[in-house]
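**Student:**
Residue numbers (the numbering used here), protein chains in the order written: chain A, 527 to 850; chain B, 2 to 422.
#1: Answer yes or no: do residue 418 of chain B and residue 400 of chain B have a C-beta to C-beta separation smaller than 8 Å?
#2: Measuring CB to CB, does residue 88 of chain B end up less than 8 Å from residue 120 of chain B?
#3: Hey, residue 439 of chain B and residue 415 of chain B are a contact pair by Cβ (cut 8 Å); roughly how many whole angstroms apart?
#4: Could you tell me the boundaries of the beta strand (DSSP E) in which residue 12 of chain B lies?
#5: For chain B, check one thing: does any of its Cβ atoms lie closer than 8 Å to the Cβ of residue 722 of chain A?
#6: Rounded to a whole number of angstroms, what is the C-alpha to C-alpha distance between residue 783 of chain A and residue 194 of chain B?
#7: What span of residues does the alpha helix (DSSP H) with residue 763 of chain A cover, start to end?
#8: Exposed or buried, residue 227 of chain B, counting other C-beta atoms within 10 Å across all chains shown (16 or more means buried)?
#9: Please list, in chain order, all residues of the same chain as residue 261 of chain B whose beta carbon is under 6 Å from its beta carbon, the five residues on each side excluded.
#10: Can you tell which of B/317, B/65, B/23 has its C-alpha closest to the C-alpha of residue 48 of chain B?
#11: Which residue wins for smallest C-alpha separation from residue 822 of chain A, given the options A/538, A/562, A/766, A/587?
#12: Just the Cα atoms here: how many angstroms apart are residue 283 of chain B and residue 263 of chain B?
#13: Tell me the DSSP bridge mates of residue 434 of chain B?
#14: Please list, in chain order, the chain B residues whose beta carbon lies closer than 7 Å to that of residue 659 of chain A.
#15: In the DSSP assignment, find the unbroken alpha helix (DSSP H) run with residue 221 of chain B in it and report its ends.
#16: Residue ranges of each alpha helix (DSSP H) run of no fewer than 4 residues wholly in the segment 43-110 of chain B, ordered along the chain?
#17: Among A/695, A/626, A/629, A/622, which one has its Cα closest to the Cα of residue 658 of chain A?
#18: With a threshold of 8 Å between beta carbons, is residue 163 of chain B in contact with chain A?
#19: Which two residues bound the contiguous beta strand (DSSP E) that contains residue 731 of chain A?
#20: State buried or exposed for residue 842 of chain A, treating a residue as buried only when at least 16 other CB atoms are found within 10 Å of its CB.
#21: In whole angstroms, what separates the C-alpha of residue 552 of chain A from that of residue 820 of chain A?
#22: Distance, Cα to Cα, residue 362 of chain B vs residue 271 of chain B?
#23: Could one say the Cβ of residue 303 of chain B lies closer than 8 Å to chain A's Cβ atoms, at least one of them?
#24: Would you mind telling me which residues of chain B sit closer than 9 Å to residue 635 of chain A, beta carbon to beta carbon, in chain order?
#25: Checking 8 Å against the spacing of the C-beta atoms, do residue 126 of chain B and residue 168 of chain B come in under that value?
#26: Counting along the chain, where does the alpha helix (DSSP H) carrying residue 183 of chain B start and finish?
#27: Please report the Cβ distance between residue 345 of chain B and residue 19 of chain B, rounded to the nearest whole angstrom; I am assuming they are in contact, meaning their Cβ atoms lie under 8 Å.
#28: Looking at the unbroken alpha helix (DSSP H) that takes in residue 698 of chain A, where does it start and where does it end?
#29: Would you report the Cα separation of residue 39 of chain B and residue 25 of chain B, rounded to the nearest angstrom?
#30: Whose C-alpha, out of A/567, A/623, A/794, is nearest the C-alpha of residue 651 of chain A?
#31: On the premise that residue 21 of chain B lies in contact with residue 13 of chain B, defined as a C-beta separation below 8 Å, what is that separation, rounded to the nearest angstrom?
#32: Express the C-alpha separation of residue 204 of chain B and residue 318 of chain B in angstroms, rounding to a whole number.
#33: Would you mind sorting residue 186 of chain B into buried or exposed? The rule is 16 or more other CB atoms within 10 Å of its CB.
#34: Mapping the DSSP letters down to three states, classify residue 344 of chain B as helix, strand or coil.
#35: When you compare only the Cα positions, how much space is there between residue 638 of chain A and residue 189 of chain B?
#36: Could you work out which residue in A/811, A/649, A/655, A/740 is closest to residue 625 of chain A when comparing CA atoms only?
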């Protein structure tokens, strides 16, 4: 097994074999999750704290369920509501939590890089559940697992990522992951929502859906992140839907068996036609949610193994022993 | 008291020379170059070290009043002396701002605690808010050498034009921060692939060009004397060159950080590399270094901005911008010399002669009759910088742990030794 990382802060730090290791293990957890009795004890005795500085229902529930199914003691902290309002800094919050000896810390924060900052200050494994516009690694991994199960591979596919790329951490993590796995990537967005210099990351850029979707195996739609916008990126939602919303006609330019993905929560009629979202032959949006739990179980399982190995080695070294 | 420095590599920015010779000072002034040691003089053998005019560092922030825990006149003076800076041109972006003669008198009194010279800039508008001009006349009488709202850029162009035209009538120098704030508000990086990859809100480097174009337009309209505090992008340089070619009274500076660092140095969200304006691409950095060597950019300063640990230990977007620089300005500037970009006399024009000339100060020269403000340094001495050793109260330097070349051996202000390394 190749995965040796202490934290999961971003796809940027993973190798292709790390990614494969995570996906292979996640496949096993998909099977577990489909049984009636979904319990495992690989995280038994470990404490998992979910610290969400930004509102989230879906991701937090997914992490909570993943931890509970693996037998961890899971605690949710709605940080936005407590200490931050009293003026405590991020690092102090982290140090306070660290003193409670958690083993897995799941963090979401509205500022890019905040999770990296926090990971430097604690001695447990940190999972990035989304930091600002930077990365959202478990989302990219669950997307990869969904694609791999639908297409039988996660290499040599043409993947179109469409919509609000500028404000999307999902797009960044997916771009990095799909690049590492050697796929052909197309970014489709109005120029106001396309980040500067992104063409240098090994992808093709389009501001028109039809040529962008031509021959695509996978169509990933992104949510229009109105809460991150400071106004004036698009003229109106109806014009956006007309030009960049995915409907059956635009999808007809992609391969006939192309799948449609969305990280959720989706704005029906803004980025995605409601009927298309519910079309079980094209849309894998519900599978993505299912894969999310399995991928998060796999990530936490692997990080916990590394954590135990590291603590074991430290204890052995402290006792003056030698690892044989 | 007569001092005779022999066997010194004299860096003369005015003459553009870099030759081994001797220099004599009596009292507070330079009295002779390459003359025999006078009777009774204390002879100092420099052993081939460089001897240059002390640095005139334009744009230093000191925490008095309001943030004395970050930096005081005393601590800044010690840092300056250790860095070969003999005159600090201090910013008015204190709390409250230096926008009245009374406030200026207060800081002038407090500045007596510094071992190096201090000259003050005053705010151009009340509270640096960009609407009502300050008492420019009274402030000039109280000793203000220039007027600036520092990094607050007024978008009240009418009020600004009035302040500029009034300043012109008084002969006052106005320092602007060329930036189109409508474009750059909320940004903490320069847009490009690095900022996109890191997901940091970013601004196009055109914001500086657009800001400079507006300011130059106002200079053409009002005839004001204008200095752009920092020109950090390639795209702003042609506009600056045109303004100078058109004969406007315009000069420009740049911070040492924009000359020696680029956006990639931010790495994994290192907040000690957050600046106003943000660090630029390597192409921009090289263009600005070339503009400095060509003399298009006149002044290099540290833009010393003390920040405490708390204001830097935050997510990148929320962290304070700026770095301390009084002690690292000289060795960082020598990187440009060691890289072959610029000669030492040309570098000292930007570090000492040009700022002094622009501000009407007698410093910055190595001529007979000039004040004996000197720095003696070994340009080749290598060391690894440890931020804990800095004299500033704040230790927020981007050069922590970096290999530096160039050590200050001694600093003199008005002939008096204020630092010995």
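Note that the Cβ used here is the ideal one computed from N, Cα and C, for glycine as well.
**Tutor:** In brief:
#1: Contact: no.
#2: With a cutoff of 8 Å on beta-carbon distance, residue 88 of chain B and residue 120 of chain B are scored as near each other.
#3: This structure cannot settle anything about residue 439 of chain B, because the visible part of chain B is limited to 2 through 422.
#4: DSSP places residue 12 of chain B in the uninterrupted beta strand (DSSP E) bounded by 3-13.
#5: yes
#6: 33 Å
#7: 763-770
#8: buried
#9: 333, 336
#10: Minimum Cα distance to residue 48 of chain B is reached at B/23.
#11: A/587
#12: 6 Å
#13: Residue 434 of chain B lies beyond the residue range present for chain B, which begins at 2 and ends at 422; the question has no answer from this structure.
#14: Neighbours of residue 659 of chain A on chain B, chain order: 200.
#15: 207-223
#16: 74-83
#17: If you compare the alpha carbons of A/695, A/626, A/629, A/622 with that of residue 658 of chain A, the shortest gap goes to A/695.
#18: no
#19: 730-732
#20: exposed
#21: Their Cα atoms are separated by approximately 5 Å.
#22: 38 Å
#23: no
#24: 316
#25: no
#26: 182-185
#27: With a Cβ gap of about 5 Å, residue 345 of chain B and residue 19 of chain B count as contacting.
#28: Taken as a continuous stretch (DSSP letters only), the alpha helix (DSSP H) holding residue 698 of chain A covers 695-706.
#29: So the alpha carbons of these two residues sit roughly 8 Å apart.
#30: Of the listed residues, the one whose Cα sits closest to residue 651 of chain A is A/623.
#31: Rounded, the Cβ-Cβ distance is 12 Å, inconsistent with contact.
#32: 13 Å
#33: exposed
#34: coil
#35: 11 Å
#36: Among A/811, A/649, A/655, A/740, the Cα nearest to that of residue 625 of chain A is on A/649.
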